[in-house]
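K.L.:
The opening position of the sequence shown corresponds to residue 567 in my numbering, with each subsequent residue numbered one higher. For each residue, glycine too, the CB sits at the ideal point set by N, CA and C. Below are the structure tokens for one structure; questions will follow.
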Amino acid sequence: ASGKTTLALHIVAEAQKLGGTAAFIDAEHALDPRYTRAIGVDLDHLLLSQPNSGEQALEIMEQLVRSGAVDIIVVDSVAALVPEAELQGQMGDAQVGLQARLMSQAMRKLAAAIAQSKTVTIFVNQIRSTIQSGPWGPGTTTSGGRALKFYASVRMNIWAEGKIAEGDDRVGMKAHVRVVKNKVASPFREATFDVIYGLGIVRERDAINCGADQGVITRSGSWYSYGDTRLGQGLSQAAQFLLDNPDTTDQIVHDVREKAGLPEPKARESEG
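Right, dumping it as structure tokens:
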């Protein structure tokens, strides 16, 4: 686990908060409702599908995109989009290239529809080992062939960078993100965030970490302060202070976005 699904679910939660409609295609059949709710996703208004094959998943996705009624679709994951021919075959049968052909055909059909509908589509994928073509060849690749890499506007690599411990207990991990392709902004930017088990990316911890990076929050020893306000000793205590004082959290987030030159998120205007 490196935080890929967690990040995708947080994007879904933020889209819902802004008034958007979200769909989640759970090809892995592994979505945890309790964790999803803890992240902030409104499951009662989430369009959730657990397809039986790769073709079924991509057909559902195409229908959602063409409807124009959905703002964001997450497919989790590409590796679980198993072609029907592979499902119907015998164990050990050679099924070379079936998934890559399926993804290539789907991307050709979906590209124009996605551009017209403005639907954000997120494919969660995994890295797997590959047979190197030589001593300098890449040792890893992603599932689904080359089509996704070609059609994607943004590609991000996400990996676990270290653990988060409180005393002797491991409570989470540090995730690192690198943007390896970006058609809409500058590529090759990087970021880190904390993932707390059972909670996801905790906004208060993230506000403290980003605030410290941007100079909005000062740290003296193990103490964190925001202006004249002492937040607490240690990250957990400071995060609890912000949890108890949401107005302070909002102000820190505002200051961080302002200092980083990021626009404030705006709720989607209601129609009519």
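1. Identify every residue that forms a DSSP beta bridge with residue 728.
2. When you compare each of 791, 746, 649 to residue 818 by their alpha carbons, which one comes out closest?
3. So, is residue 830 buried or exposed, given that buried needs 16 or more other C-beta atoms within 10 angstroms?
4. Got a sec, what are the start and stop residues for the alpha helix (DSSP H) residue 602 sits in?
5. Per DSSP, which one or two residues make a beta bridge with residue 590?
6. According to DSSP, simplified to helix, strand and coil, what is residue 674?
7. Could you spell out where the alpha helix (DSSP H) holding residue 716 opens and where it closes?
8. Grab me the residues of residue 837's own chain with a C-beta within less than 6 Å of its C-beta, minus the 5 sequence neighbours each way, in chain order.
9. Would you kindly work out how many angstroms separate the C-alpha atoms of residue 902 and residue 770, rounded to a whole number?
10. Hey, could you find the ends of the alpha helix (DSSP H) residue 802 is sitting in?
11. Look up residue 796 in the DSSP assignment and give the residues it is bridged to.
12. What's the C-alpha gap between residue 713 and residue 624?
13. Do you know offhand how far residue 611's Cα is from residue 591's?
14. May I have the straight-line CA-CA distance separating residue 639 from residue 589, to the nearest angstrom?
15. If we require 3 or more residues per run, which beta strand (DSSP E) segments fall completely within the region 739-779?
P.N.:
So, from the listed chains and residues:
1. According to DSSP, which records beta bridges pairwise, residue 728 is partnered with 740.
2. Measuring from the Cα of residue 818, the nearest candidate turns out to be 791.
3. Counting Cβ neighbours within 10 Å, residue 830 comes out exposed, since fewer than 16 surround it.
4. Taken as a continuous stretch (DSSP letters only), the alpha helix (DSSP H) holding residue 602 covers 599-605.
5. Paired residue(s): 614, 640.
6. Helix, per DSSP.
7. Here the alpha helix (DSSP H) through residue 716 covers 713-717.
8. Interpretation of residue 837 is limited by its pLDDT of 46, a score under 50 that renders its predicted location unreliable; no figure is taken from the coordinates.
9. In the structure as shown, the chain starts at 567 and stops at 838, and residue 902 therefore has no counterpart that could be examined.
10. Annotation: the continuous alpha helix (DSSP H) that includes residue 802 extends over 801-810.
11. Answer by DSSP bridge pairing, in chain order: 791.
12. Cα-Cα distance, rounded: 14 Å.
13. For residue 611 and residue 591, the gap between their C-alpha atoms comes out near 14 Å.
14. Cα-Cα distance, rounded: 5 Å.
15. If we require 3 residues or more, the beta strand (DSSP E) runs fully inside the region 739-779 come out as 756-762.
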